[in-house]
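Asks: Structure provided below as structure tokens; questions to follow.
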Amino acid sequence: MAGQFEGKVVFISGAARGQGRSHAVRFAEEGADVIALDLCEQIDSVAYPMPSREDLDETVNLVEKTGRRIVAEQADVRDFERVREVVANGVAELGRLDFVLANAGIFPAAGTQRLDITAFVDAVDVNLKGVYFTIEAALPAVLNQGEGGAIVITSSAAGFKSVSTTFDTMSHGAAGYTASKHAVIGVMRHYATSLAEKNIRVNSVHPGGVATPMIINEAMGRLVGDQPEFGDAQQPKLSMPPMDPAEVTDAIVYFCGHSGRHLTGVALPLDGGLTLK
Ligand SMILES: NC(=O)c1ccc[n+]([C@@H]2O[C@H](COP(=O)([O-])OP(=O)(O)OC[C@H]3O[C@@H](n4cnc5c(N)ncnc54)[C@H](O)[C@@H]3O)[C@@H](O)[C@H]2O)c1
């Protein structure tokens, strides 16, 4: 049976592992070809290991196993010209662009680096500027087709609520993460409002804890060991383990598919009630 995204192309930032890889494989299973990018390098303010080129190659491998095509390049979402290049290369090869998933992000809120002002700057650069650059770089190709499309930004529960909730757990990294994840709701509303007349729908997802190397790592373990109140503040109200990346993918597929055809401007919490007031 044909998948719901047969004949479509999706562009995904941060696709080397974690949620981005899950989105790439699922969209391919649904019939889409994939344009993927990832930094595949360490950023000094990030205390957990970031992925390598081998991780992005594994995403390529998994997508190709589904029978779909993928163009995957190492690139930094903070470099607008480079992101444009990746989109151009992907569209030249795959012929079109329908969906944009602005997923790449960093969480520089652990390790001693979190107390350096650079952690704030890096969080905002990657998680806000990078999201804007990803969408801006991709938009001309989507508009060119004149057939509409869908954009999904991956924000966080930290788009609604501060990740640090006490004086002792304040850090520049936590501030940058919270600020950037709030700010992309503004980016989402900017595009949702302005692109509606072009039938391009724009929404954001706001996960709580997702089981990826961003939160399952030694530095985060040390932080919540030293500051249990930091860990407590990230607990959902529902008694649940961290989500699987595939559960975030489910929501994104819902937004991009026929199921989401009336949805634009929605900031969807996927957080087990963490941000419930
Ligand atoms: N894991 C969680 O608990 C959680 C919760 C809420 C939101 N999020 C958000 O989900 C998104 C995906 O994160 P994840 O959980 O899959 O973590 P992850 O670290 O496994 O994946 C993030 C990916 O983004 C890439 N990336 C980072 N900076 C980049 C840059 N400058 N240019 C290009 N690529 C870059 C990384 O290399 C990595 O592959 C992020 O935006 C994150 O903030 C994660």
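So the sequence shown is residues 2 to 278, counted in this note's numbering.
Ideal Cβ positions, reconstructed from N, Cα and C, are used throughout, including at glycine.
Hey, G32 and E65 are a contact pair by Cβ (cut 8 Å); roughly how many whole angstroms apart?
Replies: Here residue 32 is taken as the residue at index 31 of the sequence shown, counted from 1. Here residue 65 is taken as the residue at index 64 of the sequence shown, counted from 1. Not really, about 14 Å apart at Cβ, beyond 8 Å.
Asks: Is M37 helix, strand or coil when you go by DSSP?
Replies: Against the sequence shown, residue 37 aligns to sequence position 36. Contrary to the premise, residue 37 reads as Ala rather than Met in this sequence. In the structure shown, A37 sits in a strand (DSSP, three-state: E or B).
Asks: For the beta strand (DSSP E) containing R83, list its first residue and its last residue.
Replies: One-based indexing of the sequence shown puts residue 83 at position 82. Where R83 is concerned, there is no enclosing beta strand (DSSP E), although the alpha helix (DSSP H) it sits in stretches over F81 to L95.
Asks: Looking only at C-alpha atoms, which of Y49, V88, F231 and G68 sits nearest to I136?
Replies: Translated into positions along the sequence shown, residue 136 becomes position 135. That would be V88, whose Cα lies nearest to the Cα of I136.
Asks: Mind checking whether D275 and P237 have CB atoms under 8 Å apart?
Replies: Here the question's residue 275 lines up with position 274 in the sequence shown. Here the question's residue 237 lines up with position 236 in the sequence shown. Residue identity differs from the one stated: residue 275 is Leu in this sequence, not Asp. Yes; because the gap between Cβ atoms is below 8 Å, this pair is in contact.
Asks: Write down the C-beta distance between V127 and V78 rounded to the nearest angstrom, noting that I regard them as a contact closer than 8 Å.
Replies: Residue 127 sits at position 126 when you count from the first residue of the sequence shown. Residue 78 sits at position 77 when you count from the first residue of the sequence shown. Confirmed, about 6 Å.
Asks: Which class does L102 belong to by DSSP, given the choice of helix, strand or coil?
Replies: Within the sequence shown, numbered from 1, the residue matching residue 102 stands at position 101. Strand.
Asks: According to the neighbour-count rule (16 or more other Cβ atoms, all chains shown, within 10 Å of its Cβ), is S156 buried or exposed?
Replies: Mapped onto the sequence shown, residue 156 falls at position 155. When all chains shown are included, S156 counts as buried.
Asks: For ligand 1, I want to know if F161 counts as a neighbour, meaning its beta carbon is within less than 7 Å of at least one of the ligand's heavy atoms.
Replies: For the purposes of this step, residue 161 is taken as residue 160 along the sequence shown, with counting starting at 1. Because no heavy atom of ligand 1 lies under 7 Å away, the Cβ of F161 does not count as near it: no.
Asks: By how many angstroms is the C-alpha of N145 removed from the C-alpha of A234?
Replies: If you number the sequence shown from 1, residue 234 lands on position 233. If you number the sequence shown from 1, residue 145 lands on position 144. If I take the Cα positions, the gap works out to 44 Å.
Asks: Looking at V211: is its Cβ nearer than 8 Å to the Cβ of R27?
Replies: Here residue 211 refers to the residue found at position 210 when the sequence shown is read from its first residue. Here residue 27 refers to the residue found at position 26 when the sequence shown is read from its first residue. Cβ atoms of V211 and R27: not closer than 8 Å.
Asks: Can you list, in chain order, the stretches of the alpha helix (DSSP H) that have 4 or more residues and sit fully within the segment 143-216?
Replies: Whole alpha helix (DSSP H) segments, 4+ residues: 173-196.
Asks: Can you check which of these residues, F161, A151, P229 and L129, is closest to A197 by C-alpha distance?
Replies: Residue 197 sits at position 196 when you count from the first residue of the sequence shown. Closest by alpha carbon: A151.
Asks: Considering only the alpha carbon of each residue, which of A120, L271, K199 and A111 lies closest to M215?
Replies: Residue numbering aside, residue 215 sits at position 214 when the sequence shown is read from its first letter. M215 has its Cα closest to that of A111, out of A120, L271, K199 and A111.
Asks: List the endpoints of the continuous alpha helix (DSSP H) containing Q20.
Replies: As a position in the sequence shown, residue 20 is number 19, starting the count at 1. That run of the alpha helix (DSSP H) goes G19 to E30.
Asks: Rounded to whole angstroms, what's the CA-CA distance from G258 to F168? Just pull it up for me.
Replies: The residue labelled residue 258 in the question sits at position 257 within the sequence shown. The residue labelled residue 168 in the question sits at position 167 within the sequence shown. About 43 Å.
Asks: Less than 8 Å separating the beta-carbons of R115 and G174?
Replies: To locate residue 115, count along the sequence shown from 1; it is residue 114. To locate residue 174, count along the sequence shown from 1; it is residue 173. For R115 and G174, yes; Cβs fall inside 8 Å.
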